[in-house]
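Asker: What follows is a single structure, and I will ask about it in a moment.
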Amino acid sequence: MLNSASRQSQELLSLPSSSHSNVMAPVKFDAAKKSVTLLMPGFDKSEIKLYQYRGGSELLVEAGDQRRVISLPSDIQGKVAGAKFVDRSLVITMR
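Residue numbers (UniProt numbering): 1 to 95.
This is how it looks when you write it as structure tokens:
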């Protein structure tokens, strides 16, 4: 049984990176839409707080007892225009 589990682990680790393409990145920047998408599994909209710092160059996201500072790329920086919770993700749109 141990050999079987070990073999399965080796097969999983040796999979090409293209097979992992359905895994969503925790932070995704979209310069064309001026948006930031944060994967927030396990959290409800009511548990999430969003703050903006340093003249629009950083976002602070609090979810439950966790806190994360996100530095924005220069082409996305600005004021927060809106935020919505979609499919376990927080989508923040900038102006």
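Every residue gets a Cβ at the ideal spot worked out from N, C-alpha and C, and that includes glycine. The structure presented is a predicted model; accordingly, all values stated were derived computationally and were not measured.
#1: According to DSSP, is K33 helix, strand or coil?
#2: Would the beta-carbon of T37 fall within 7 Å of that of K28?
#3: Hey, out of K49, I48 and V80, whose CA is closest to S35's CA?
#4: Taking only three categories from DSSP, how would you classify G64?
#5: Secondary structure at G55, three-state DSSP: helix, strand or coil?
#6: Using the Cβ count rule (16 or more neighbours within 10 Å means buried), how would you classify A32?
#7: V86: buried (16+ other C-beta within 10 angstroms of its C-beta) or exposed?
#8: Ignore the nearest five residues each way along the sequence and tell me which others in S57's own chain have a CB closer than 6 Å to its CB.
#9: Can you find the residues in the same chain that come closer than 7 Å, C-beta to C-beta, to Y53, ignoring five residues on each side of it along the sequence?
Answerer: Taking the coordinates as given:
#1: coil
#2: yes
#3: V80
#4: coil
#5: helix
#6: exposed
#7: exposed
#8: L72 and Q77
#9: L60
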